[in-house]
Structure formats: structure tokens, C-alpha cells
Amino acid sequence: MPSVQTRPREVNLLGTEARGALAKMIIKLFAHWELSTSDQLELLGLSTKSRALLAKYAKGEALPEGRDSLDRVGWLLAIHKALRLLYPQNPEIRYSWVNRRNTAFANLTPLDVMKEQGIIGLARVARYLDYYRGL
């Protein structure tokens, strides 16, 4: 009997449903990383006056369609994925890594790098983890 091939379901990342799921996912990640509200806002590129948005995102309100927002979330999820692959049996290291000083970042924490350098810092940390994984 021939196998039936199905195409994977295409996900429209610009769609409201997908951006809502990404919002919930990123807020859950921030909880695992034990980030302060101000750190969460900074990583998402939001002002400190946007605190109410975090609660809305936790409930699934869609992230903005803007490229900056989606790029930031993409880099944050890439960091999370790399840490899951590097430390599959050690959630303590996986979730505390962003808050640990690292000689690769001049003894700053990855969180410090991400906050100080914005989207470039997010990309830098994600690329470092890819390099560390041998990619």
C-alpha cells in the first residue's frame, strides 16, 4: 500500500492566532528564566509604561505584527531551543544560564548582553549558543 504524504500545515506567523501563541510562549519562558517585569519589557523592546501588555500576552493577546517584535521573540526562542538541546537533562542550568556570568561575554550575564545591546545582543547570544553547539 503506498504511503500517503501530507504537507505540513503552514503557519502564518503574521496571523493573530500564531502571534497570540507566541506571546503566551514567551511569557512562560520569561517565568522559567525568572526575569523581572522590567527585564521582560526590555527584551521585548517595550517601554516601562507597557507593563499591562505582559499580562495580556500571558493570556494570549497577539504580539504586534511589527518585524522588531517578531524578530526579538524569534531570537529568544532560538536561545531557549539551544539551551534545551545543550542541557536536556538539566533544567536548572537551562533556565538559569541567562543569569550566569559568562567569560564569552566579558564576564557579563547573557541577560546583561541582551538588555544592553537590544536585538543585536539577542542575536549575539543565540549565535554564541549555536557556535557552542557546533553549528
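Going by my numbering, the first residue of the sequence shown is number 1, and it counts up by one from there.
Where is the CB? At the ideal position from N, CA and C, for every residue including glycine.
In this text the structure is predicted, and so the values were computed from the model without any measurement.
If I measure Cβ to Cβ from residue 130 and keep anything under 6 Å in the same chain, skipping five residues before and after, which residues do I get? none
When you compare each of 73, 86, 61, 96 to residue 118 by their alpha carbons, which one comes out closest? 73
Which residues does DSSP pair with residue 102 in a beta bridge? 108
Residue 17 to residue 26, Cα distance in whole Å? 14 Å
Counting only runs of 4+ residues fully inside the region 13-48, write out the alpha helix (DSSP H) ranges in chain order. 16-33, 37-43
Residue 62, enclosing alpha helix (DSSP H) - first and last residue: Neither: residue 62 is in no alpha helix (DSSP H) and is coded neither H nor E.
Which of helix, strand or coil does DSSP assign to residue 87? coil
Rounded to a whole number of angstroms, what is the C-alpha to C-alpha distance between residue 87 and residue 132? 12 Å
Indicate the three-state DSSP secondary structure (helix, strand or coil) for residue 118 in the structure shown. Looking at residue 118 - three-state DSSP - the assignment turns out to be helix.
Taking the alpha-carbon positions, what's the residue 93 to residue 110 distance? 13 Å
For residue 74, name the three-state secondary structure that DSSP assigns. helix
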